[in-house]
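Quick note, the first sequence lines up with residues 18 to 271 if you use the numbering used here. C-beta atoms are modelled at their ideal positions from N, C-alpha and C, and glycine is treated no differently. Fair warning: this is a prediction, and the values are worked out from it, not measured in the lab.
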Amino acid sequence: MKVITWNVNSVRARLPHVELFLKEQQPDVLLLQELKCEEHAFPASLLDFGYNCALFGQKTYNGVAILSKHPIEDIQNGIPNFEDTAARYVEAFTGGVRVASVYVPNGQEIDSKAYHYKLDFLNALYSHCKTLLGFDERLVIGGDFNIAPSDEDVCNPAAWQGQVLCSQLERDAWRKITYLGLADAVKDSTTGAMPYTWWDYRKGAFAKDDGLRIDHLLLSPNAADALKTTKVHKNMRGLERASDHAPVECVLTI
DNA sequence: ATGGTAGACGATCTA
């Protein structure tokens, strides 16, 4: 089973890329973030590729979805027990796996209101992950976490020292979630340099490979036992009018 | 302390 997560930065602006990607990669499950549209505005053509969809949309900002070749059941919009006006989390059971598409808040500036909202969101995600792990299912949580877990995940750590995406409190929150027993699929299957998943549109960051690894796939023990390969589809970031994020893939032997 | 780019949207806001 192939599961891929991708922050598309507007699904309508990225329609040709997403269509191309579905055709070429045929993922079983595609977890999307930053749709930037409501459900009625989601491009129907994407479902013509043979996908079912669980969609938690929002106008202008945020919006997350699960596309799956398999039937989708047990859909949950938003993190349970967390008040949030933003559409940043959708979860469902499909093809024998529980999957979630998560778009963690960016945080804007250290100590800003947005930063504390990010930490609150991560704390709620931690609590919910603890609940989900109690189900003892195969679980894949994919998304844009807006956290580079360590300096190995940053091309230029000095420039990002203490900044949002790299601050200690964010990394502490990440560590707390993974220490529940969730595997960082890409890290665990990578030898040598970590692949980046996001490159800023500004200052020619992609051309310089000045990126960060902030999009992740977290696997429960049952899913991690089945992990075969991972891959970052960096080529998608190099296209004209690309999202600033590349798709991140894992293949499970189930 | 701001800039650089992108997207939605129609002046700024988020990233």
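G67, buried or exposed, once every other Cβ within 10 Å from all chains shown has been counted against 16:
By the neighbour-count criterion, in which 16 or more other beta carbons inside 10 Å mark a residue as buried, G67 falls on the exposed side.
Nearest to L32 by CA position, among P44, A259, H133, is which residue?
Cα-wise, what sits closest to L32 is A259.
N79 vs E51 beta-carbon contact at 8 Å:
Yes.
Three-way DSSP call (helix, strand, coil) for I158 in this model
Residue state, collapsed to three classes: strand.
Considering only DSSP beta bridges, list what Y120 is partnered with.
D161.
Hey, how far is the Cα of R29 from the Cα of V265?
Straight-line Cα distance between these residues: approximately 20 Å.
Rounded straight-line distance, which links the Cα of D189 to that of R155
Going from the Cα of R155 to the Cα of D189 covers about 25 Å.
Look at the alpha carbon of T246 and the alpha carbon of Y134, and state the distance between them as a whole number of angstroms.
Each residue's Cα considered, the two are about 34 Å apart.
Does DSSP put Y143 in a helix, a strand or coil?
If DSSP states are grouped into helix, strand and coil, Y143 belongs with the helices.
With DSSP run on the structure shown, which of helix, strand or coil describes F73?
In this structure, F73 counts as strand in the three-state DSSP scheme.
Straight-line CA distance for L235 to L229?
Those two C-alpha atoms are separated by around 17 Å.
In this structure, what does DSSP give as the bridge partners for F110?
In the DSSP assignment, the residues bridged to F110 are E90, R115.
Looking at the strands, I want to know which residues DSSP matches up with K19.
When beta bridges are read from the DSSP output, K19 appears opposite V268.
Would K214 and A263 qualify as a contact pair, given that the criterion is a beta-carbon distance under 8 Å?
According to the sequence provided, residue 214 is Thr. The question's Lys does not apply to it. One thing to note: T214 has its Cβ within 8 Å of the Cβ of A263.
Can the beta-carbon of V81 be found closer than 8 Å to that of N123?
No, these two residues do not count as a Cβ contact at 8 Å.
Just how far apart, CA to CA, sit V268 and C70?
Taking C-alpha positions only, V268 is separated from C70 by approximately 20 Å.
Classification of I96 by the beta-carbon crowding that lies within 10 angstroms, buried from 16 upward:
Result: buried.
Are there 16 or more other CB atoms within 10 angstroms of the CB of H57, so buried, or fewer, so exposed?
By the neighbour-count rule (16 or more Cβ atoms within 10 Å), H57 is not buried but exposed.
Leaving out the 5 sequence neighbours to the left and right, which residues in its chain are closer than 7 Å to Q125 when beta-carbon positions are compared?
Closer than 7 Å at Cβ, skipping near neighbours: A131, Y132, V181.
Quick one: complete alpha helix (DSSP H) runs, 4+ long, within the segment 148 to 210?
Contiguous alpha helix (DSSP H) elements confined to the segment 148 to 210 occur at 174 to 177, 185 to 195, 202 to 205, taking only those with 4 or more residues.
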